[in-house]
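Following: one structure in structure tokens, then a few remarks.
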Ligand code: PMP
């Protein structure tokens, strides 16, 4: 149905409490890709918040939407709320979830252009709850941080924990290149386990790169040789400016470019033959 015709019940807990989880998947050749990885993350989030869904039915609906959509390349947005209930904090364990799935087109040319030029970022305090590994629709801290970055004419906010450590972007994962080693914050519940992060790490390790998952002090970003971000909507994105400071003279770094090209080749070969296909 047309997205404008979709109605959300006023007592839907996703609407009232942000009691909802979501996933964003890439669609290629009319098929969702990396569904197994998205599904695993989604399922562990659902288990953590005690939400039960009919996953085979969600998979069927996703396939149906992909088949019917004119966007054979794009992004699936999958949103699962706990459903309708009295406006009380405690929830019914047997509530019927509401599910929203839609496809958005993807501007591949815009991504390529940004990858060539690189993007600017700012640092912002990480104001999120203590379980960012759960992909909850409670994104107010992320929205505030990204909004600050837009005001500063940057395109992402890198979040800094109370301990002064870098966690991730407000909507992406973070990597630094320091002395030819790729460094990224570890999972340990304080960041979202990005599917792109996972795929990039697997690919880079297969190709013999050193990837170190460790805590990163916020000052390290200013002296890193290269910085890049990963997410489903941007793949591998070079960062060329942090606040007022240029990274690598304001140009995408050599290692970042090599990794971005290798990742693009890997994506070319993905057919979408995942569990949902
Ligand atoms: N971290 C956060 C906070 C995000 O919102 C996203 C994008 N959903 C990511 C990381 C990247 O995750 P993925 O690679 O699965 O898109």
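Residue numbers (the numbering used here): 15 to 291.
From the three backbone atoms N, C-alpha and C, an ideal C-beta is built for every residue, glycine too.
Among the options, the one whose alpha carbon lies nearest that of residue i
i	options	result
residue 71	33, 112, 88 and 107	112
residue 273	238, 119, 211 and 54	211
residue 124	276, 249, 269 and 261	249
residue 115	225, 96 and 77	77
residue 174	52, 184 and 167	184
residue 98	201, 34, 231 and 87	34
residue 267	229, 196, 169 and 110	196
residue 166	153, 176, 157 and 136	136
residue 156	128, 129 and 186	186
residue 127	225, 269, 265 and 283	265
residue 232	216, 22, 283 and 199	199
residue 258	235, 81, 105 and 150	235
residue 100	172, 263 and 27	27
residue 109	96, 102 and 119	96
residue 261	190, 60, 221 and 201	190
residue 223	285, 84 and 270	270
residue 85	242, 281 and 119	119
residue 282	171, 22 and 42	42
residue 307	247, 275 and 239	Residue 307 cannot be examined here, being either before or after the span of the chain that is shown, 15 to 291.
residue 48	73, 59 and 83	73
residue 134	241, 285 and 247	241
residue 365	180, 275 and 18	Here the chain has residues from 15 to 291 only, and residue 365 is not among them.
residue 58	229, 176 and 145	145
Cross-strand partners of residue i (DSSP beta bridge)
i	result
residue 81	Beta-bridge pairing links residue 81 to no other residue.
residue 192	195
residue 98	26
residue 136	171
residue 187	244
residue 150	35
residue 45	42
residue 141	Answer is none; residue 141 lacks a bridge partner.
residue 260	255
Residue i - containing beta strand (DSSP E), residue span
i	result
residue 90	88-95
residue 29	That residue, residue 29, is in no beta strand (DSSP E); its alpha helix (DSSP H) goes 27-31.
residue 171	170-174
residue 112	112-119
residue 179	179-183
Rounded separation between residue i and residue j - CA only
i	j	result
residue 3	residue 20	Nothing about residue 3 can be read from this structure; the chain reaches only from 15 to 291.
residue 44	residue 178	43 Å
residue 75	residue 16	15 Å
residue 89	residue 121	10 Å
residue 290	residue 203	Unreliable positioning characterises residue 290 in this predicted model, as indicated by a pLDDT of 42, which lies under 50. A coordinate reading is not provided.
residue 66	residue 206	21 Å
residue 107	residue 64	7 Å
residue 25	residue 94	15 Å
residue 79	residue 117	8 Å
residue 245	residue 213	10 Å
residue 164	residue 138	12 Å
residue 30	residue 279	43 Å
residue 193	residue 256	19 Å
residue 40	residue 237	33 Å
residue 216	residue 277	11 Å
residue 225	residue 209	16 Å
residue 147	residue 132	27 Å
residue 92	residue 38	6 Å
residue 32	residue 149	11 Å
residue 152	residue 168	23 Å
residue 68	residue 81	20 Å
residue 104	residue 253	43 Å
residue 62	residue 22	24 Å
residue 170	residue 251	11 Å
residue 243	residue 188	5 Å
residue 50	residue 220	20 Å
residue 154	residue 52	22 Å
residue 162	residue 142	15 Å
residue 182	residue 201	10 Å
Bounding residues of the alpha helix (DSSP H) (the contiguous stretch that carries residue i)
i	result
residue 274	268-283
residue 38	Per DSSP, residue 38 belongs to no alpha helix (DSSP H); it is in the beta strand (DSSP E), 34-42.
residue 58	49-62
residue 167	It is not in any alpha helix (DSSP H) - residue 167 carries neither H nor E in the DSSP assignment.
residue 125	122-131
Runs of alpha helix (DSSP H) wholly within the segment 196-258 (minimum 4 residues, chain order):
209-220 and 234-237
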